[in-house]
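First comes the structure, then the notes that go with it.
There are 4 protein chains.
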Amino acid sequence: MSKIPVAVLAATGAVGQRFVQLLADHPWFEIAAVTGSARTAGERYGDSVRWILTEPMPEAVANLVVQPTEPNLDVPVVFSALPTVEARELEPAFASAGYAVVTNASAYRMTENVPLLIPEINPEHTALIPRQQERCGWPGFIVASPNCSTTSAVLPMHIFDRAFGLRAALITTMQAISGAGYPGVSALDIVDNIVPHIPGEDEKLENEPRKLLGRMSGGELVLAELAISAEATRVPVRDGHLAAVSVRLEEQATPEEAIEALRAWQPPAIAAELPSSPAQTLVYRDEADRPQPRLDRSNGAGLAWTVGNVRRCPVLDLRYMALTHNTLRGAASGAILNAELLVAQGIIPRP
Amino acid sequence: MSKIPVAVLAATGAVGQRFVQLLADHPWFEIAAVTGSARTAGERYGDSVRWILTEPMPEAVANLVVQPTEPNLDVPVVFSALPTVEARELEPAFASAGYAVVTNASAYRMTENVPLLIPEINPEHTALIPRQQERCGWPGFIVASPNCSTTSAVLPMHIFDRAFGLRAALITTMQAISGAGYPGVSALDIVDNIVPHIPGEDEKLENEPRKLLGRMSGGELVLAELAISAEATRVPVRDGHLAAVSVRLEEQATPEEAIEALRAWQPPAIAAELPSSPAQTLVYRDEADRPQPRLDRSNGAGLAWTVGNVRRCPVLDLRYMALTHNTLRGAASGAILNAELLVAQGIIPRP
Amino acid sequence: MSKIPVAVLAATGAVGQRFVQLLADHPWFEIAAVTGSARTAGERYGDSVRWILTEPMPEAVANLVVQPTEPNLDVPVVFSALPTVEARELEPAFASAGYAVVTNASAYRMTENVPLLIPEINPEHTALIPRQQERCGWPGFIVASPNCSTTSAVLPMHIFDRAFGLRAALITTMQAISGAGYPGVSALDIVDNIVPHIPGEDEKLENEPRKLLGRMSGGELVLAELAISAEATRVPVRDGHLAAVSVRLEEQATPEEAIEALRAWQPPAIAAELPSSPAQTLVYRDEADRPQPRLDRSNGAGLAWTVGNVRRCPVLDLRYMALTHNTLRGAASGAILNAELLVAQGIIPRP
Amino acid sequence: MSKIPVAVLAATGAVGQRFVQLLADHPWFEIAAVTGSARTAGERYGDSVRWILTEPMPEAVANLVVQPTEPNLDVPVVFSALPTVEARELEPAFASAGYAVVTNASAYRMTENVPLLIPEINPEHTALIPRQQERCGWPGFIVASPNCSTTSAVLPMHIFDRAFGLRAALITTMQAISGAGYPGVSALDIVDNIVPHIPGEDEKLENEPRKLLGRMSGGELVLAELAISAEATRVPVRDGHLAAVSVRLEEQATPEEAIEALRAWQPPAIAAELPSSPAQTLVYRDEADRPQPRLDRSNGAGLAWTVGNVRRCPVLDLRYMALTHNTLRGAASGAILNAELLVAQGIIPRP
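Residue numbers (our numbering), protein chains in the order written: chain A, 1 to 351; chain B, 1 to 351; chain C, 1 to 351; chain D, 1 to 351.
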């Protein structure tokens, strides 16, 4: 099969670079265009970017000329690493011009009829796309990935919801510095310190899971009935968002039953067969001191959830710790997996 | 007033050193003896200790000869920095020999009739001492300080309990490496990492506040009726334990009312007048990103609580973040404050 | 004595804040004005600044209105924390308008007739001031402090120069993140990493000591004949610049003789009596593993040099390690000490 | 070709684990035995070890029973990760019993007739082995790897020696915490700090390069005539030893000529063809701020040297920065490469 040409919007930033690196050898996609700000447009990508990844810059992309972020690119699919403000303006312009917009930005995550997707959790939400196209009068469409902090906490919530019914979740996150982009967090703010607040993050954590765990009904998405309380903190860790979560369930479950539900869970077949899908989506560790960011963030090439320490919560019902790699599963890799799902479902046509 | 001679038990360890440093210029106490292990006994203190504090070692103490930890010291008061196992055996021996044992160890914290003290919270619990002496047949006695993680979370719990009634608390801590003593945590375990488990710590956090918030009734201590769920983690921060707490109250309170209760709170007069008592025991910060360990751990010379980000909890009732310095308020300074309280109450006689 | 009113130029930045904090209770100086950028001018200082120090902002200064950085301030002395580019333009304007400009900026450090001062090393260099005034036609003048990395290495160089003659120095520094200001270094660049280059820093290290160690001759400053090789690196340490130095001497000296020279050295009387002068300017530590940034940076309230590990260098003659606090001795405190020297010498008149 | 069975001595420690992980899929070697202390002998390896690597423990090894470290193992080759004191006693016992001992320990590095090997630098030094066997009366033999700090600095020294003649080197290292093993460095000693001394390390750095750069003459090894001055420091970096080096040359060379010599250098053919040999042994980076530990330590799967910032030294002749991964090239991978060399040279027979 020949590959689907794609563009990366805002390819010079931290998330954009990750898209570029991950798509370099992708079996289905091929980078045909990269866009950047007015300042970098017209330059060779390799000259315009301050490359911050340890993996080398793919040579084919280094030689592309950076284009302005305008909907006149010769590709059917764009991966958006745009900052929120620009995403708000430009993503609809691309959808309106017929592009499939696969975004990592927050601008349209909670917008009606925009699927907020994790292929292993809610692949059926792509059924919202025709309605989105119809309501907006767009030939193209937007699909979004959740915030990286939401991602870390949400898979066990989903599994417990299916197994026992989920009524509430109380979340405290410890988030890595790479989540703030580059240059992002000043070293003076975080070395030997914790910053117990990340603007806007608590709200995302309190809202996005309700959409991810929602159910399709009559072509509409019904948000999950679910109270969530969240507190996001920034800690001196490079990569890997750790979430301490307590949940209240509809049906009582012992920790042993909950662990059994986690271990027994399998992603839907369509998700499991995607090319980037990890061999094991959820790794449960029995040791009391896991997951740890440094030891577990790279599980499944950064696409696996690692969960541990499920035990009784004396206030709600169960507690657990969950971890994902925030720039891979929580950002670029997660969005690529969404695009793969759209191809597998036939929504993005194969060439 | 001439000073009360005191001894520091296990004076060469991390907490023992802190006792030595803090007592160097104390207005009421004077170090007359230091004890150590069989290995160091007989050596000059200055030669036997690997001093890990930035403050210089007090010269008068450096010249003391380390004594074995046996109840034949010529002082009425001993500060115990003993490890738990040794504390379990030796602290009763000292109490039985007539010493006032002011301990930082966990061995007897939850033991009936042993006051678990924070002078600003429950100074009246020293009324348990005569009962302890009677039941054990001891001329001396033991009073204990809570665990450093308990300390960080508990003052707002106490204030909310008095103001609105406290029914439950859900706590996630981010604890500093100095809490594990020296050498304690391996750098390989914590640089660029979080260890989401500290053995025994969750249990302490779930039990000790019930005793601290208990009420004296007919000479007995009645534990507070209170469900607590705790998860303790270790983060790459040198000093300062941060606790993210959600509470359920008996009477509804808005965040504004809760903040007002925190700001209006004053410690009991007897606590406020102790020589080590900070000018301001509770510092409330309005900024959403406070308290931060590095910026707030030294408030009140390390004896203040810093609290911030009180807001509505969508699952329980209120959330907040609280911080204390774990080796000062949470360990040595806290125990010294307990000894000062005993002097102020006349339980330890002035010379 | 009533105090000398002073202004802090660029008072909202990292170094400016440090000036404000240190001058709050100064016995000789009193802040009468603070200046800032066009953006902040006109605002209350307390509202315009993102305060990054752990010490609280002095209230009297918080209530000052930020003024534009223009030479119409009603003070005789200005402390400059201006960025290099602005310093280049504005400092002569102030000198030309009659102000004593005590600067921490690099713009004029190597300019002829501008004294580059460390009071303990070269207080006699202030004799350049009249010549500066004459040549430039200024009623005021500029005196400069050396770069923070130069400062850390230079005091033992000076002492060895006086004792044995210094012919060459080979320096490798390990510099703290606070040396780059705020926000300065991105956490992603420095957590679990070293950046082995700081733009412009090697040149400063290779040039400034030649001026500091120069001698006055016939009213002119003769630079020291001295070859210096320097490599500056940035390490994940908050505060404290550590320098590993090898020196070649004119007269052979054993490590023991060199240590004796360090221990015997006393600052000139005029420097020792300045109000900010530390009780002990040079602390020599015998332990092989000192100086350490965390343990030694605060010696002498951040104004002392800590030196250790003097030993034979198999390639040159001697090696040593030296440390100073980069934002105190190496920046704001050092400049304040320079101003105190000017008062003590009668160059800045007392009121 | 069937594989050569090997044993790992002291397989449960930090270096031992790395040997186990790296040999798991080795094309020439296969782990047939692992040894440990009296405490762990008899246990299943998987149960006896506290695994500290992020890579999973190889299952085949996990099921081996830990044996005591005695020369009765059914393998021809042993990889020694023994602590120095035990290596001193046990490695000769193994050599005397006929084993090829490939060691990472320091005990016999500088011993006459024990080759101290880096295959890319001095593969011809294995000619010492017959003389070692003859003098000691051993059917087996010992070959050693240099200290991890020596390794980081030495390849450019070798290249410059061959190209221009090397007369002196002045080295300051910034070494990672993993170099001290596990638990090794206490977090309290290194977070926000540098420890400017590592016991014994300066001596190794000052001696080992003279052996590595020595020349065989009449069957004897003649040490290089070379003055070395070294200062080793420990910095808060997980992996990767960085060395700042100044060299004096016999023939003058410009930085450009030196860089050209580095770029033109190729390892000897026998080294380049070893199975673990990296595609590029020396990576020269043009950017002034490289090499950086985090960005460059994994070059060549942790077996490459990364060098940068070659420039004129105003005191000696040239300066440069060099980096290697201390637990890979500097320890386990380096020793495995040595064993591969012995096989390629026919000294260890293929099965």
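Quick reminder that beta carbons are idealized off the backbone N, C-alpha and C, glycines included.
Original post:
What's the C-alpha gap between Gly-200 of chain A and Ala-232 of chain A?
Top reply: 9 Å
**OP:** Determine which residues of the region 181-214 of chain B have a Cβ less than 8 Å from any Cβ of chain C, and write them out in chain order.
**Re:** Val-191 and Asp-192
Original post:
Should Phe-19 of chain B be counted as a contact of the ligand MG given a C-beta to heavy atom distance under 8 Å?
Top reply: The ligand content of the structure shown is nil, which means the ligand MG is not present either.
Subject >> For Gly-13 of chain B, three-class secondary structure by DSSP >> reply: Correct three-state label for Gly-13 of chain B: coil.
Subject >> Three-state class that DSSP yields for Leu-64 of chain D in the structure shown >> reply: coil
**OP:** Label Val-310 of chain D either buried or exposed according to how many other C-beta atoms from any shown protein chain fall within 10 Å of its C-beta, with 16 as the threshold for buried.
**Re:** buried
Subject >> Backbone secondary structure at Arg-294 of chain A - three-state DSSP >> reply: helix
Original post:
Closer than 7 Å, Cβ to any Cβ of chain F: which residues of the region 120-143 of chain B, in chain order?
Top reply: Absent here is chain F; the protein component of the structure consists of chains A, B, C and D.
Original post:
So which residues on chain A does Gln-236 of chain C lean against when the C-beta distance must stay under 7 Å?
Top reply: For the sequence presented, residue 236 of chain C should be read as Pro rather than Gln. Correct list: Val-191.
**OP:** Below 8 Å between beta carbons is the criterion; list the residues of the region 313-331 of chain B that meet it against any residue of chain A, in chain order.
**Re:** Cys-313, Pro-314, Val-315, Leu-316, Arg-319 and Met-321
Subject >> Within-9 Å CB hit, Ser-298 of chain A to chain D >> reply: Yes - at least one Cβ of chain D is within 9 Å of the one on Ser-298 of chain A.
Subject >> Beta-bridge partners of Trp-305 of chain C, as assigned by DSSP >> reply: C:Leu-282
**OP:** Could you check if Asn-63 of chain B is buried or exposed, using at least 16 other CB atoms within 10 Å of its CB as the buried criterion?
**Re:** Taking every protein chain shown into account, the CB of Asn-63 of chain B has fewer than 16 other CB atoms within 10 angstroms, so this residue is exposed.
**OP:** Please compile the residues from chain B whose C-beta is within a distance smaller than 8 Å of the C-beta of Ile-228 of chain A.
**Re:** Those are Pro-314 and Val-315, listed as they occur along chain B.
Original post:
Can you tell which of B:Arg-167, B:Trp-265 and B:Val-101 has its C-alpha closest to the C-alpha of Glu-70 of chain B?
Top reply: B:Val-101
Subject >> 7 Å Cβ shell around Phe-94 of chain C - same chain, five flanking residues per side excluded >> reply: Pro-71, Val-78, Val-101 and Gly-140
Original post:
Under 9 Å between the Cβ atoms of Gly-36 of chain B and Pro-68 of chain B?
Top reply: It is a contact, given that the beta carbons lie within the stated cut-off.
Subject >> Assigned exposure category for Gly-334 of chain C - 16 Cβ within 10 Å defines buried >> reply: buried
**OP:** With a threshold of 16 other CB atoms inside 10 Å of the CB of Gln-175 of chain B, please say whether the residue is buried or exposed.
**Re:** With at least 16 other beta carbons inside 10 angstroms of its own, Gln-175 of chain B counts as buried.
Subject >> Listed by chain order, chain A residues near Ser-353 of chain C by CB distance under 8 Å >> reply: Any property of residue 353 of chain C remains undetermined from this structure, which presents chain C solely from 1 to 351.
Subject >> Residues sharing a beta bridge with Ile-228 of chain C, DSSP >> reply: C:Ala-169
**OP:** Output the boundary residues of the alpha helix (DSSP H) element that contains Ala-157 of chain D.
**Re:** In the sequence on display, residue 157 of chain D carries Met and not Ala. Looking at the DSSP string, the run of the alpha helix (DSSP H) that includes Met-157 of chain D is 148-164.
Original post:
How many angstroms separate the CA atom of Val-307 of chain D from the CA atom of Ile-31 of chain A?
Top reply: 32 Å
**OP:** For Arg-297 of chain A, count neighbouring Cβ atoms within 10 angstroms of its own Cβ and tell me buried if that reaches 16, exposed if not.
**Re:** buried
Original post:
Which bits of chain A does Arg-294 of chain B rub up against, with CB to CB less than 8 Å?
Top reply: Asp-192 and Asn-193
Original post:
Which residues of chain D have a Cβ atom closer than 7 Å to the Cβ of Thr-254 of chain C, listed in chain order?
Top reply: Going along chain D, no residue has its Cβ under 7 Å from Thr-254 of chain C, so there is no contact; the nearest lies around 16 Å.
**OP:** Identify every residue that forms a DSSP beta bridge with Ile-142 of chain C.
**Re:** C:Val-101
Original post:
Beta carbon of Pro-209 of chain D, beta carbon of Ala-224 of chain D: below 9 Å?
Top reply: The answer is yes: Cβ separation under 9 Å.
Subject >> Nearest neighbour of Asp-254 of chain C, chosen from C:Gly-179, C:Leu-318, C:Gln-133 and C:Ser-2 [CA to CA] >> reply: In the sequence on display, residue 254 of chain C carries Thr and not Asp. Nearest C-alpha to Thr-254 of chain C: C:Leu-318.
Original post:
Which two residues bound the contiguous beta strand (DSSP E) that contains Ser-96 of chain B?
Top reply: It is not in any beta strand (DSSP E) - Ser-96 of chain B instead sits in the alpha helix (DSSP H) that spans 84-96.
Subject >> Spatial neighbours of Val-154 of chain D in its chain, beta-carbon cut-off 8 Å, leaving aside the 5 residues before and after >> reply: Ile-118, Ile-121, Pro-146, Glu-208, Pro-209, Leu-212 and Leu-213
Subject >> Residue(s) in a DSSP beta bridge with Ser-186 of chain C >> reply: A:Ser-186
**OP:** Note the first and the last residue of the continuous alpha helix (DSSP H) segment covering Glu-112 of chain D.
**Re:** Note, Glu-112 of chain D: premise wrong, no alpha helix (DSSP H); not H, not E.
**OP:** From the DSSP output, in three-state form, read off Glu-55 of chain A for me.
**Re:** coil
Original post:
So Ile-4 of chain B packs on Pro-58 of chain B, CB below 8 Å; how close in whole Å?
Top reply: Wrong, their Cβ atoms sit about 17 Å apart, outside the cutoff.
Subject >> Residues that Asn-63 of chain C contacts on chain D, provided the C-beta gap is smaller than 7 Å >> reply: Per Cβ cutoff of 7 Å: no residues; Asn-63 of chain C is ~34 Å from chain D at best.
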